[in-house]
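Colleague: Here the protein sequences line up with chains A and B, keeping their order.
Everything in the first sequence is counted per my numbering, starting at 8 for the first residue and increasing by one.
Everything in the second sequence is counted per my numbering, starting at 201 for the first residue and increasing by one.
Please read through the structure below; I'll follow up with questions.
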Amino acid sequence: MNDDDVRAKVVAIIRSIAPEVEEGELTSSRPLRDQVDLDSMDWLKVIIGVHEKLHVDIPEADYGKLRTLDDWVAYLRAKLA
Amino acid sequence: MIEVKLPAMGAEMEEGKLLEWKVKPGDGVKRGDIIAIVDTTKAAVDVESWDEGRVHELLVPVGDTVPVGTVIATLLAPGEAAPAPRAKPAAPAPAAKPTPAPPSPARKAVSPAARARAKELAVDVEKIAGSGPQGAVTVEDVERAAQGAKPADRAAEMRRAIGAAMSRSKREIPHYYLAETIPMARAVEWLAAENAKRPVTERLLMGVVQLKAVARALAKAPELNGFWRDGAFVASQAIHIGVAISIREGGLIAPAIHDVDRKDLGQLMRDLSDVVSRARAGSLRSSEMSDPTITVTNLGESGVEAVHGVIYPPQVALVGFGRLSSRPWVDEGNVRAMPLVTATLAADHRVSDGIRGARFLAELRERLQHPEEL
């Protein structure tokens, strides 16, 4: 899986939880929470989505590392390598 | 013969539109089975049966709007024989509206233009009441029906419903407000350790810990849990907490999580996750809408420090949680950074006094110092 594939999968998971997000609307370098209305329940659903779709378990201690889509891609690429 | 009445699903609900029957005459139903879907001003809600029996008659046709309390169906109790069929739906007299004539079984008159427009708008012409000659469905009827299904309309209706309930609350309920700053270090540490042990799919949120702490603390303040009905307080033995859930398109709904005091945190987390998903998808159940005994609202995620809430009638109290954040705290003479949350109580002075409310908040604070016991 290359960076674009990982990004597309994460965006698909986010859009399944926040359907108001349009395709291509998210900027990779901006904090996600500034772009999408995600409360803690939504956030947990994203984490569960990644667990189910990409089989990566993200510990709570790592939540702070996942601010932007770029962060997500770098983090997941390292875990999937 | 058991009469199934349209329940009041929310204080401001006066009528509901029958969208779909989930059962037919002859079907067996158990308590809790979903028998119909009814559109209220806030959402489409699954109406559950309160009894066990066999469906005898469905008395309200799909598409009809009837007042709360109308008998919508009858059930035969187990072992009961079917009596002679009844003539028409029984609606409570003062609120009764003329019952529209049942839809004719013959093919509906629909103008060709209306049929084409209905196809474009994905509207079922068979379900539209026609206003044209001989009841024919016109283009305008189709467009009106399509309009009715739009989320913008739903948001406006929900805003009106919230306005009606909150206006009634502020008119009738003499609110008093209390606030308590609660140290959360123990709860935060305990939750982090607990979640590290749990699989991803079973992780808990602090909101669930707070809900359970509220339920535990209510044991010491029974006058905050129940309803104001007919000029008197009726305490509730059960603790059904209405959780305020924001809807993505705007608005708010507060369905109940039942028996919060008797469920463990894992079960409460599953219940909360389920009710949030269903609230946002518009598939709540009638019992969830009609029986919260107190409401909890958590606005901390929006960044506010404290919530001074408006009680949802006929309830008599509302608990609010603000943002969980690290702030200065004096501990044995030293200032240190401490995760804190401000919990607030809005309560009905007809039922309780500030001292009882203060005891409740003190107990809530105490319960949150022992998260492992929740």
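Even glycine gets a Cβ: it sits at the ideal position worked out from N, Cα and C.
Note that the coordinates shown come from a computational prediction; the quantities given were computed from them, not determined experimentally.
Is residue 55/A close to chain B? Criterion is C-beta to C-beta, closer than 8 Å.
Modeller: So, interface residue.
Colleague: For a test of the three-state rule: what should DSSP assign to residue 440/B, helix, strand or coil?
Modeller: Note: residue 440/B maps to coil in three-state DSSP.
Colleague: Using a Cβ-Cβ cut-off of less than 7 Å, list which residues of the segment 442 to 454 of chain B approach chain A; keep chain order.
Modeller: Listed by position, the residues of the segment 442 to 454 of chain B near chain A (Cβ gap below 7 Å) are 448.
Colleague: Measure how close the beta-carbons of residue 516/B and residue 544/B come, nearest whole angstrom, since I'm counting them as under 8 Å.
Modeller: With 8 Å as the limit, residue 516/B and residue 544/B do not qualify as a contact, their Cβ atoms being about 15 Å apart.
Colleague: Identify every run of the alpha helix (DSSP H) within the segment 462 to 511 of chain B, keeping only runs that are complete inside it and at least 4 residues long; order them along the chain.
Modeller: If we require 4 residues or more, the alpha helix (DSSP H) runs fully inside the segment 462 to 511 of chain B come out as 465 to 481, 486 to 490.
Colleague: Mind listing the chain B neighbours of residue 51/A? Cutoff is C-beta to C-beta under 7 Å, in chain order.
Modeller: The answer, in chain order, is 403, 405.
Colleague: Contact criterion: CB-CB distance below 8 Å. Does residue 62/A meet it with respect to chain B?
Modeller: Residue 62/A does not count as touching chain B.
Colleague: Can you tell me the Cβ-Cβ gap for residue 381/B and residue 540/B, rounded? I've got them flagged as a contact below 8 Å.
Modeller: With a Cβ gap of about 5 Å, residue 381/B and residue 540/B count as contacting.
Colleague: So, at 7 Å on beta carbons, what are the nonlocal neighbours of residue 84/A in its own chain, with the 5 sequence-adjacent residues on each side left out?
Modeller: Excluding positions up to five away in sequence, the list reads 10, 13.
Colleague: Just to confirm, is the Cβ distance from residue 452/B to residue 441/B under 8 Å?
Modeller: For residue 452/B and residue 441/B, no; Cβs fall outside 8 Å.
Colleague: Name, going along the chain, the residues of the segment 496 to 521 of chain B whose beta-carbon falls closer than 8 Å to a beta-carbon of chain A.
Modeller: Taking 8 Å as the Cβ-Cβ cut-off against chain A, the residues of the segment 496 to 521 of chain B that qualify are 501.
Colleague: Are the beta-carbon atoms belonging to residue 400/B and residue 58/A less than 8 Å from one another?
Modeller: In contact: residue 400/B and residue 58/A (Cβ atoms closer than 8 Å).
Colleague: Show which residues of chain B have a CB atom less than 7 Å away from the CB atom of residue 66/A.
Modeller: The answer, in chain order, is 396.
Colleague: Mind reading off the beta-carbon distance from residue 338/B to residue 322/B? Whole number of angstroms is fine, and I expect it under 8 Å.
Modeller: Rounded, the Cβ-Cβ distance is 18 Å, inconsistent with contact.
Colleague: Alpha carbon to alpha carbon, how far is residue 270/B from residue 237/B?
Modeller: Between residue 270/B and residue 237/B, the C-alpha separation is close to 15 Å.
Colleague: Put residue 355/B into one of helix, strand or coil per three-state DSSP.
Modeller: Residue 355/B: helix per DSSP, three-state reduction.
Colleague: Let me check understanding here. Comparing Cα to Cα, which of 18/A, 88/A, 81/A, 69/A lies closest to residue 43/A?
Modeller: Measuring from the Cα of residue 43/A, the nearest candidate turns out to be 18/A.
Colleague: Between which two residues does the beta strand (DSSP E) containing residue 217/B stretch?
Modeller: 215 to 221 is the extent of the beta strand (DSSP E) around residue 217/B.
Colleague: Using only the alpha-carbon positions, how far apart do residue 253/B and residue 471/B sit?
Modeller: Rounded to whole angstroms, residue 253/B to residue 471/B spans 28 Å at the Cα level.
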